[in-house]
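Quick note: the sequence shown uses our numbering, first residue 1, plus one each step. Reviewing the structure listed below.
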Amino acid sequence: MRILSAFAIGLVFGLGILLSGMANPAKVLNFFDIAGTWDPSLAFVMGGALAVTAAGYQILFRKGGAPLLAPRYLVPTRKDIDPKLIGGAAVFGIGWGLSGFCPGGLVPALGLGQSEPWITFAAVVAGMLAARAIGMLQAQQKPARPKLASGE
1 MRILSAFAIG LVFGLGILLS GMANPAKVLN FFDIAGTWDP SLAFVMGGAL AVTAAGYQIL
61 FRKGGAPLLA PRYLVPTRKD IDPKLIGGAA VFGIGWGLSG FCPGGLVPAL GLGQSEPWIT
121 FAAVVAGMLA ARAIGMLQAQ QKPARPKLAS GE
């Protein structure tokens, strides 16, 4: 049932992305071109998504209880902003601005029969693998903290 639910949610999301035109990188890049052919429609798509999400969270927290297909709700608890978060957000934004594909719009665009989404998808996967490799290298290079003798 969980796989069917995930498929249905992904299908609705993908159709929404395609119908709104957000799988078209030119439409997305025009949103960023404020001095030229600016297209504000992406702001309305984001605003609509934010409104639905905010309403969903309000209903969720007011109602309480457990989800239908999981033992509990998985709500983020971290609130700190660290260099890893800032770096990831910067890389995400740069990639989005250069390619015109946000990952949410990239996945549905893979089925449109064009090469650009596949090239961008390969770059996203390469970036994810590079981030994982860097994280593993950093974890190996961290020196162990020396244990202090009692009383120090």
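Beta carbons are placed, not taken as given, at the ideal position from N, Cα and C, and that holds for glycine.
Please state if the CB of I17 and the CB of G95 are separated by a distance shorter than 8 Å. It is not a contact, given that the beta carbons lie outside the stated cut-off.
Step through the CB atoms of chain D and report whether any lies within less than 8 Å of the CB of K142. The structure shown contains no chain D; it holds only a single protein chain.
Run the CB neighbour count on L19, radius 10 Å, all protein chains shown included, and call it buried at 16 or more, exposed below. Answer is exposed; the Cβ neighbour count stays below 16.
Where does M1 fall in DSSP's three states? coil
Can you check whether the CB of A23 is closer than 8 Å to the CB of L112? yes
Per-residue DSSP class, three states only, for V75: coil
Going by beta-carbon coordinates alone, are V107 and G14 separated by less than 8 Å? yes
So, is V28 buried or exposed, given that buried needs 16 or more other C-beta atoms within 10 angstroms? buried
Could you spell out the range, first to last residue, of the alpha helix (DSSP H) harbouring I59? 41-63
Hey, out of P103, T37, A90, L129, whose CA is closest to G10's CA? P103
Which of helix, strand or coil DSSP assigns to N24: coil
Can you have a look at A199 and say buried or exposed, based on whether 16 or more other CB atoms are within 10 angstroms of its CB? The structure shown does not extend to residue 199, since the chain spans only 1 to 152, so no value can be given for it.
I'd like to check one pair, G100 with A26: are the Cβ atoms closer than 8 Å? yes
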